[in-house]
Amino acid sequence: MTAEEMFIKLGFTKKITPNTLIMYGCVNTTASRDIAFDKVSRRIAVKDVLGNKLTTEAISVNELMAIIQQCIELGWLEEETCTNESEYDSTEEFRCSNCGFTLVEHKEYAVGEDDGEEYYFNFKPKYCPNCGSKIID
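If you're matching positions, the sequence shown starts at 102 in our numbering and goes up one per residue.
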């Protein structure tokens, strides 16, 4: 289901806006709510009006799901990724393609549950410890 379909199911209508904005509005007998997505600044604004006054109201889980779906459709929630630019396997040396951070011979430490022995083994990082990008092979 698209974000627009989710908002319509919740009683919202899509408003005519400039190209840089996506806005949904919902009006009932006493209050109104507008949810706006600014495509330029990547910001979301929620405005609740009760009578002539701006109010603060909670967002329902279903509204949050529609907001998240809209963010996914806009490409705002795509995970930042990087690759290993080192000539070695990432268990020996990892150099992030995004930030240039280098990690050499990273070992994971574990203690055996049964015998209490200490173990060290090669560890292949899943995320860059410096910039947080997901490492893809």
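Heads up, the beta-carbon is just placed ideally off N, CA and C, and yes, glycines get one too. Nothing here was measured: the structure is a model prediction, and the numbers come from that model.
Helix, strand or coil: how does DSSP classify residue i here?
| i | result |
| --- | --- |
| V162 | helix |
| M107 | helix |
| C229 | coil |
| I117 | coil |
| I237 | coil |
| E193 | coil |
| E179 | coil |
| C172 | helix |
Mind checking whether the beta-carbon of residue i lies closer than 7 angstroms to any heavy atom of the ligand HEM?
| i | result |
| --- | --- |
| A211 | You won't find the ligand HEM in this model; it holds no ligand whatsoever. |
May I have the straight-line CA-CA distance separating residue i from residue j, to the nearest angstrom?
| i | j | result |
| --- | --- | --- |
| C229 | N199 | 9 angstroms |
| C127 | M166 | 16 angstroms |
| C183 | T203 | 13 angstroms |
| N129 | E106 | 19 angstroms |
| R196 | K227 | 13 angstroms |
| Y125 | N231 | 38 angstroms |
Leaving out the 5 sequence neighbours to the left and right, which residues in its chain are closer than 7 angstroms to residue i when beta-carbon positions are compared?
| i | result |
| --- | --- |
| I168 | I136, I145 |
| E193 | E206 |
| N163 | L111 |
When we look at the beta-carbon of residue i and count the other beta-carbons within 10 Å, is it buried (16 or more) or exposed?
| i | result |
| --- | --- |
| N223 | exposed |
| S161 | exposed |
| S191 | buried |
| N153 | exposed |
Apart from the five residues on each side of it in sequence, which residues of its chain come closer than 6 angstroms, Cβ to Cβ, to residue i?
| i | result |
| --- | --- |
| V150 | S133 |
| S234 | E181, T182, C183, N199 |
Measure the beta-carbon distance from residue i to residue j and round it to whole angstroms, keeping in mind my assumption that it falls under 8 angstroms.
| i | j | result |
| --- | --- | --- |
| K208 | Y221 | 5 angstroms |
Between residue i and the rest of its own chain, which residues show a CB-CB distance below 8 angstroms, the 5 nearest in sequence each way excluded?
| i | result |
| --- | --- |
| L178 | I169, C172 |
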